[in-house]
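Undergrad:
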Amino acid sequence: MFTGIVEELGEIVSVEPHGEAARLAVRGKVVTSDAKHGDSIAVNGVCLTVVDVEDEVFTVDVMRETLNRSSLKSAQAGARVNLERAVRADQRLGGHIVQGHVDGTAALLSREPGELWDDVRFSLPRELNRYVAEKGSIAVDGISLTVTSVDEDSFGVSLIPTTLELTTLGARRQGDLVNLEVDVIAKYVEKLVVTK
Numbered sequence: 001m002f003t004g005i006v007e008e009l010g011e012i013v014s015v016e017p018h019g020e021a022a023r024l025a026v027r028g029k030v031v032t033s034d035a036k037h038g039d040s041i042a043v044n045g046v047c048l049t050v051v052d053v054e055d056e057v058f059t060v061d062v063m064r065e066t067l068n069r070s071s072l073k074s075a076q077a078g079a080r081v082n083l084e085r086a087v088r089a090d091q092r093l094g095g096h097i098v099q100g101h102v103d104g105t106a107a108l109l110s111r112e113p114g115e116l117w118d119d120v121r122f123s124l125p126r127e128l129n130r131y132v133a134e135k136g137s138i139a140v141d142g143i144s145l146t147v148t149s150v151d152e153d154s155f156g157v158s159l160i161p162t163t164l165e166l167t168t169l170g171a172r173r174q175g176d177l178v179n180l181e182v183d184v185i186a187k188y189v190e191k192l193v194v195t196k
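The UniProt record's numbering numbers the first residue of the sequence shown as 1 and each following residue consecutively.
1) Would you grab the beta carbon distance between Leu-153 and Leu-128 for me? Rounded to a whole angstrom, and I think it's under 8 angstroms.
2) How would you call Thr-192, buried or exposed, if buried means at least 16 neighbouring beta carbons within 10 angstroms?
3) Can you look up Pro-17 in the DSSP assignment and give me helix, strand or coil?
4) Distance, Cα to Cα, Ala-21 vs Val-178?
5) My guess is that Val-6 and Leu-166 are in contact by the Cβ rule of under 8 angstroms, so how many angstroms apart are they, rounded?
6) Whether or not the stretch 115-123 and the stretch 75-86 are in contact is what I'm after, with contact meaning three or more pairs of Cβ atoms, one per stretch, closer than 8 angstroms; do they touch?
7) Between Gly-156, Arg-130, Ala-171, which has its C-alpha nearest Thr-162's C-alpha?
8) With three or more C-beta pairs closer than 8 angstroms as the rule, is the stretch 23-38 touching the stretch 50-60?
9) Would Ile-143 be called buried (16 or more neighbouring beta carbons within 10 Å of its own) or exposed?
10) Threshold first: 3 residues or longer. Then list the beta strand (DSSP E) segments lying entirely within the stretch 29-69, N to C.
11) Rounding to the nearest angstrom, what Cα-Cα distance links Gly-19 and Lys-73 in this structure?
12) Smallest Cα separation from Asn-44: which of Leu-159, Ile-12, Val-132, Arg-64?
13) Based on Cα-Cα distance, which residue from Leu-48, Asp-141, Ser-137 lies nearest to Arg-64?
14) Give me the residue from Ile-185, Leu-116, Thr-105 with the minimum Cα distance to Ile-160.
15) Determine the burial state of Gly-78: buried for a count of at least 16 other Cβ atoms within 10 Å of its Cβ, exposed for fewer.
16) Please return the same chain residues whose Cβ sits closer than 8 angstroms to the Cβ of Val-147, not counting the five positions on each side in sequence.
17) Return the chain-ordered ranges of every alpha helix (DSSP H) run that is complete within the stretch 107-153 and spans a minimum of 4 residues.
Below, the structure written as C-alpha cells:
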C-alpha cells in the first residue's frame, strides 16, 4: 500500500523488452536507500516488485497487464518518474489509500497557471467516471490529489507549488499520458451495493 506522497523524482535508466513484458532499471537515491529484493516501489503510481538493487538503481519486471493499463508501455530511458516506497504500518497516511493498481490512463487536456498553483484538467475514461467525485481523492501518476471538479469525460485538480516542483506533473504538457487510480473504497462500496 502507498499514500500517494511522492518521495522523489527518479529516472528510468533502461528499458529491456521481453516479449510481452519489459524489465525497467530506475535510478532513485531515496527509494533504494533501504530497498531489497521483493520490496514494492511505486513508479508513476504503478506498484512494482524490486528484482535487484545496485548503485542507487533498482530493476523491476513489468508484465503485459501492467503495460496494457499504464503509461509504462511507452517508458523510455531518461524519462523522469515519481517514486514512492510502500508505506510501513507505523507511518502516517499523508495522502490517501493508494494500492498502486492502475485503473487506466488519461491525457492532460489543459493547464491554467495561477498565482501560486496550476489548475489542470485530465480526460476521464467513462468506465472510471462513477468512482470520481468532487472533493474526493484520485491518484494521478501516483500522486494523491483532490478532485476540484468532474464532468462526464474529464476532471480537474489544483497543483500546489510543492507538487509542481517535486513531481512529474510540474513538467507534464497537453496531450501527455498519465496513470489513474481511483479510490479503492468507492469500488468496494459499489461492489457491496450491487451484489446485495
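Idealized CB from N, CA, C, for every residue including glycine.
TA: Considering the structure as presented:
1) Residue identity differs from the one stated: residue 153 is Asp in this sequence, not Leu. No, Asp-153 and Leu-128 are not in contact; Cβ-Cβ is about 10 angstroms, not under 8 angstroms.
2) Looking at the sequence shown, residue 192 is not Thr but Leu. With fewer than 16 other Cβ atoms within 10 Å, it is exposed.
3) strand
4) 20 angstroms
5) 6 angstroms
6) no
7) Ala-171
8) yes
9) buried
10) 40-43, 46-54, 57-62
11) 13 angstroms
12) Ile-12
13) Leu-48
14) Leu-116
15) exposed
16) Val-132, Ala-133, Glu-134, Lys-135, Gly-136, Ser-137, Ile-138, Phe-155, Gly-156, Val-157
17) 126-129
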